[in-house]
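Taking it in order: structure first as structure tokens, then the write-up.
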């Protein structure tokens, strides 16, 4: 029983992180029907920005005096940085191709992914970068079950961000504009919505969430590496498809399911093949229910 | 179009001939083969830097008679069999006198066959798989130890020093790491240690929480991790300690790297690792450290010292035999018996140089010599 509960905690942590990344895929897809393959790189960039900021703060001793302030300050700055990075990427790589075929945009996304990953490698080096660990150790210990502080932090921040995103999309003017643009770009611009700005905002929000996941994964695992975006990116993509690509609630549920399945497969079956499960699910969903758990039928005649 | 192609090709050819004959300065070309990019880049760059340090030391000692300079061609093997063979072919084309490398046994073995066709001597500073020297290649040498010896020391330490009754083993499924873990499992079982579990993870995994929960549940007296990479080892150590696994952790030579403490920090404290004995008082070791620091490299990694010894011994062989002929170099290498930087350099018939594994321990953020398996005493 303790074993089971511990694995649920592990699964929640990992699933929450996948959910945060999956949201970026799903929001961008929802609005311009593009699988943004460069999304994993925003996550990696967030991890690096986090390590740079926190190392700087730790070197100046602020980490010891104001740990929580540093942590949330770094989190917000990192999210802001990645949001701007995503807007720049959108402007350079996707906006000029707004009316090109979908395949061209997809290739542009792949190219951007390679460009960003190699950019990280060249500027930050091939070595792993270690996070300062001043406040990442320790946890609530119930004998056989341990809920580490980092896990608590990840779950808490994930929940806050998810609730915040839901409120933003469904309760605010900008959220309404986003949903309208997703439904019909031409019609929404006729009623006065600046669709280019809305698309850029969507990219920014998705990347900010991925950046939050990046900094938390860096804290949780203790280090980041330039190629860290690839595997979680692919798994989050599977999560977005599982939930129904384009559907925000679906991406959250999909992320949690992929995280749980991965942890339980590793815990009860074999950790050797844990990565396989995300992809088995992806194939199964595409075969049996291509629209995903929460997905609606997407009208493909829409341009 | 065809004419243009022909013209440009002949021009290119003329240029290469021109550069080949230009200048009468004779340069000795040597090669290194190690993963300079990808997940093993840290160890790979250590190896190339070790060779660079050796070249600098030899040049300071007066260089090689008959040559004005020694030039290093540092190739990237990426720990990948195909790329290693491609890189080895490049070195063959450059006509290097010898090659130091590679790192991963799975890359060293195919690359060594390419080099063997041209009889180019290969000295590996890091590949510990038994197969490296057991294929009967004429010009294959090894400066580090062997896996079969490494597992003996690890198990002996569990029995004689830790007096452990149970062990849990995790490896990451490479030729090297799984082979070593399997050896440890068989030997541990043979000596009466109960193997509570033997799990595999994937290279590059970051989340070990599920498998570590299993380890915690099993509550072993010793936790043995055989991973290909020090950063994976660091991540596993952090997560294990955070999860409340307090059993002593034993790692191996691939986890042995300053990066382990950089990333894992206090989680690495008290970890044991099987690694070759290093006597820091040896004159050549001191010379190596000084040169390494002067050249501005970070603290030497696990294999910098072995790479230094490999290149130094090969250059010494060229100097002594006054030739780059592989057979003459072989005669000189086989006759060698001197104190190198990391160990006594004396090659065996098959090209091995003998294992001298001991237990080293992480203490105060540094590796220290800890336990001597021959005498069962602490250093």
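Protein chains in written order, with the numbering used here: chain A, 1 to 303; chain B, 1 to 379.
Think of the CB as a built atom: it goes at the ideal place given N, C-alpha and C, for glycine as much as any other residue.
Query                                                                                                                                     : Result
Minimum Cβ-Cβ distance from residue 1(A) to chain B less than 8 Å                                                                         : no
Members of the stretch 265 to 286 of chain A that neighbour chain B once the beta carbon cut-off is set at 9 Å                            : 265, 266, 267, 268, 270, 271, 272, 273, 274, 275
Any C-beta of chain B under 8 Å from that of residue 148(A)                                                                               : yes
Cutoff 8 Å: residue 130(A) Cβ touching any chain B Cβ                                                                                     : yes
Residue-level contact to chain A via CB, residue 187(B), 8 Å cutoff                                                                       : no
Neighbouring residues, chain B, relative to residue 7(A) (Cβ below 7 Å)                                                                   : 210, 213
Which of helix, strand or coil DSSP assigns to residue 199(B)                                                                             : strand
Nearest-angstrom beta carbon gap, residue 226(B) and residue 268(B) [assumed within contact, 8 Å]                                         : Wrong, their Cβ atoms sit about 16 Å apart, outside the cutoff.
Nonlocal neighbours in the same chain, by C-beta distance under 8 Å from residue 273(B), ignoring five residues either side               : 250, 251, 252, 253, 255, 256, 359, 360, 361, 362, 367
Amino acids of chain A, ordered along the chain, whose beta-carbon sits closer than 8 Å to that of residue 147(B)                         : Those within 8 Å of residue 147(B) in chain A number zero; the least Cβ separation is about 21 Å.
Beta strand (DSSP E) segment containing residue 123(B), residue limits                                                                    : 122 to 124
Where residue 186(A) falls: helix, strand or coil (DSSP)                                                                                  : helix
Reduced DSSP category for residue 196(A) - H, G, I as helix; E, B as strand; rest coil                                                    : helix
Contacts that residue 238(B) makes with chain A (C-beta to C-beta distance below 8 Å)                                                     : 133, 221, 222
Chain-ordered neighbours of residue 384(B) on chain A, where CB pairs are closer than 7 Å                                                 : Because chain B is modelled from 1 through 379, residue 384(B) falls outside the range shown and cannot be assessed.
Chain A contact for residue 235(B) (CB, 8 Å cutoff)                                                                                       : yes
Spatial distance of residue 124(A) from residue 226(A) (CA atoms)                                                                         : 8 Å
Residues bridged to residue 71(B) (per DSSP)                                                                                              : 29(B)
Contact set for residue 204(B): own chain, Cβ-Cβ below 7 Å, skip 5 residues either direction                                              : 39
CB contact check: residue 247(A) to chain B, cutoff 8 Å                                                                                   : no
Length-filtered (3 minimum) beta strand (DSSP E) runs lying within the stretch 97 to 121 of chain B                                       : 99 to 101
Pair within 8 Å by beta-carbon distance, residue 168(B) and residue 208(B)                                                                : no
Status (buried if at least 16 other CB within 10 Å, exposed otherwise) for residue 49(B)                                                  : buried
First and last residue of the uninterrupted alpha helix (DSSP H) at residue 69(A)                                                         : 67 to 89
Bounding residues of the beta strand (DSSP E) (the contiguous stretch that carries residue 223(B))                                        : 222 to 226
CB contact check: residue 263(A) to chain E, cutoff 8 Å                                                                                   : Within the model displayed, chain E is absent; protein chains A and B are what it includes.
Residue 139(A): contacting residues in chain B (beta-carbon distance under 7 Å)                                                           : 242
Nearest to residue 144(A) (by Cα), restricted to the options 372(B), 246(B), 31(B)                                                        : 246(B)
Residues near residue 85(B) by beta carbon distance below 7 Å, same chain, minus five either side                                         : 110, 111, 114
Under 7 Å by beta carbon: chain B residues contacting residue 10(A)                                                                       : 209, 210, 213
Contact set for residue 317(B): own chain, Cβ-Cβ below 6 Å, skip 5 residues either direction                                              : 329, 332, 333
DSSP beta-bridge partners of residue 352(B)                                                                                               : BP columns for residue 352(B) are empty, so no partner.
Beta-carbon spacing of residue 309(A), residue 193(A) below 8 Å                                                                           : No statement about residue 309(A) is possible, as the shown extent of chain A runs from 1 to 303 and does not include it.
Contacts around residue 220(B), its chain only, beta-carbon distance under 7 Å, and the 5 residues preceding and following it disregarded : 166, 167, 168, 196, 247
As assigned by DSSP and simplified to three states, the class of residue 176(B)                                                           : helix
Short CB-CB distance (under 8 Å) between residue 120(A) and chain B                                                                       : no
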